[in-house]
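In my numbering, the protein residues as written are 22 to 353.
All C-beta atoms, glycine included, are put in the ideal place defined by N, C-alpha and C.
Keep in mind that this is a model prediction, so the values were computed, not measured.
One structure is given here, and the rest of the page talks about it.
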């Protein structure tokens, strides 16, 4: 495979750095660190340009916070200057990462979001009798630094660019040699690229009839239970031995029983919200109504939050569920 080369000059190009700044500041214009960076924009971008060309970037000054949506996650936030660097890198390197992705890999890709993944998985549910679902235990925390670096070397040739990638990788660990921070743009690309090798293996060497991956959620389909178990066993061994990841117990079942995927239960004939999604929808809708009623939110802010929440439910068979929820809320 030919490796991509001569990207560093494009990454350090002043126009690319300026674009990276505008992307990084999106939704954060009121923050003091963003305002300070913008006040001396040319100076900061020139410093970043010199660091990139030298292959010696300053990274790792993270701060941490925890979210509970829908489960507990420890988010690692890079300072604004590092976020500009991340955007500068991926503005140029995006195409290199994208070319290695299979068609039915989803998450952090243009037009390859949650609903696209759900629709493809649902199509497969209609066509096959059996599915096998796999996902990785604490995926971002488990990514092996050395394996990731080797995978990047197969894709990129420039030593200084690889040094920058390695600096970002080495700036964080959950235990020695493991983990990439949830919250970094680079982590999203690294994590998606890490399992791309598994994607190619299961499709091109194991010849699974149908396959979809949404980040670390992987689903295999076949009409033969025995074939699916055989390929699933080989695939599991590959992920454990070659990528050094730990998988949760797999889910094997008939498609007619329903596939749990991305917050839904997918049956060959219809889609439903799973129990966790229903509970989350109820809790969120009540929270939003409360914020509106006490005046902390105006009607416009409420609409900005409730519309995408409702959109998530409308991709499933939920008319009765929504009517019951809002009818009971209005009666109280």
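Can you tell which of the options has the C-alpha that lies nearest to the C-alpha of residue i?
| i | options | result |
| --- | --- | --- |
| residue 326 | 309, 314 and 95 | 309 |
| residue 27 | 139, 183 and 148 | 183 |
| residue 244 | 211, 303 and 273 | 273 |
| residue 178 | 193, 117 and 167 | 117 |
| residue 69 | 87, 82, 85 and 32 | 32 |
| residue 145 | 211, 190, 103 and 234 | 234 |
| residue 298 | 62, 334, 163 and 212 | 334 |
| residue 72 | 218, 94, 105 and 253 | 105 |
| residue 276 | 147, 218, 331 and 193 | 147 |
| residue 158 | 56, 317, 321 and 269 | 269 |
| residue 329 | 83, 318, 305 and 319 | 305 |
| residue 366 | 119, 93, 89 and 58 | Residue 366 lies beyond the range of the chain shown here (22 to 353); nothing can be said about it. |
| residue 185 | 301, 255, 248 and 74 | 74 |
Spatial neighbours of residue i within its chain, please: C-beta separation below 7 Å, excluding the five flanking residues on both sides.
| i | result |
| --- | --- |
| residue 246 | 151 |
| residue 251 | none |
| residue 187 | 170 |
| residue 137 | 127 |
| residue 253 | 153, 241 and 271 |
| residue 44 | 108 |
| residue 41 | 105, 108, 109 and 112 |
| residue 141 | 125 and 233 |
| residue 289 | 146, 147, 276 and 277 |
To which residues of the same chain is residue i closer than 6 Å at the C-beta, ignoring the five residues directly before and after it?
| i | result |
| --- | --- |
| residue 236 | 128 |
| residue 201 | 161, 164, 208 and 211 |
| residue 313 | 323 |
| residue 181 | 29 and 76 |
| residue 248 | none |
What whole-angstrom Cβ distance do residue i and residue j have, given they're in contact under 8 Å?
| i | j | result |
| --- | --- | --- |
| residue 199 | residue 165 | 6 Å |
| residue 204 | residue 96 | 4 Å |
| residue 266 | residue 163 | 5 Å |
| residue 280 | residue 240 | 7 Å |
| residue 206 | residue 65 | Wrong, their Cβ atoms sit about 18 Å apart, outside the cutoff. |
| residue 221 | residue 123 | 7 Å |
| residue 259 | residue 219 | 6 Å |
| residue 149 | residue 230 | 7 Å |
| residue 155 | residue 257 | 7 Å |
State the beta-bridge partners of residue i as determined by DSSP.
| i | result |
| --- | --- |
| residue 285 | 282 and 294 |
| residue 238 | 156 and 235 |
| residue 87 | 95 |
Between which residues of its own chain and residue i is the CB-CB distance below 8 Å, once the five residues before and five after are set aside?
| i | result |
| --- | --- |
| residue 190 | 166, 169, 170, 201 and 211 |
| residue 353 | The pLDDT assigned to residue 353 is 38, lower than 50, so where the model puts this residue is not dependable; a value taken from the coordinates is nonetheless given after this. Closer than 8 Å at Cβ, skipping near neighbours: no residue. |
| residue 98 | 83, 84, 85, 86 and 204 |
| residue 47 | none |
Open item on the list: Would the region 73 to 80 count as touching the region 45 to 53 if we require 3 or more Cβ pairs under 8 Å?
Closed with: These segments do not touch.
- [ ] Check whether the region 215 to 227 touches the region 128 to 135, taking contact to mean three or more Cβ pairs, one atom from each stretch, closer than 8 Å.
- [x] Contact between the region 215 to 227 and the region 128 to 135 is absent, because fewer than three Cβ pairs lie under 8 Å.
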